[in-house]
Structures are given as structure tokens and as C-alpha cells.
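Read through the structure below, which is laid out as C-alpha cells, and then see the notes.
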Amino acid sequence: MGPGESTSVKIAKKVAARDGTSPSDLQPPLYAAVDTDALDALFRPSTTRETDLRLEFTYRGYTISVTPPQEIEIEPRCSSAEPPVD
């Protein structure tokens, strides 16, 4: 991942790596889950300052958290459903 890459490209690459696929093969595409233009504008390194900003969304079974300048955490989404107890 290059230093000049947008936040949305970095997220797509990280998700694809976890899923063992290429970013172009991700279905649905990232832009179906989040406005990638807005995401990139919010976390553009040249405009992001020290702030408490945090964006969290779900995509392809993951919870994705982004904080400035481009810190990205990807965790499997937890299911709130408990298995039935016999």
C-alpha cells in the first residue's frame, strides 16, 4: 500500500487480502457500503488534523473503523444472536 493511496483504496486492499481475493473482485464493491468520495475527503492526510473523528461501518461481514490520518481497523462483525441452548 503506497503512502499516496486514498483511504478507500487502502480499505479495499485490506479487505481483499483478508478474503484472499483482489480488490477488483470484491462484491459488492466498497462504494455500495459507504460513500467513498466522502470517506476519502474526510481522511485525506493533508486535511486531517488531530481530532476525535472516528468512522465505523460494516462491509462484507467486517466492522471497519477509520481514524485520522488513515488508521484502519478491520474486525469480523460479531453476531448478536446467541445459539439456542438445549
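Start counting the sequence shown at 13; every next residue gets the next number (the working numbering).
Glycine residues also receive a C-beta, built at the ideal position from the N, C-alpha and C atoms.
{"Item": "Proximity below 7 angstroms, CB of Val27 to CB of Arg72", "Value": "yes"}
{"Item": "DSSP three-state assignment for Leu65, whether helix, strand or coil", "Value": "coil"}
{"Item": "Rounded C-alpha distance that separates Lys22 from Leu51", "Value": "11 angstroms"}
{"Item": "Separation of Phe69 from Val46, as counted between CA atoms", "Value": "8 angstroms"}
{"Item": "Alpha-carbon spacing of Lys25 relative to Ile84, whole angstroms", "Value": "11 angstroms"}
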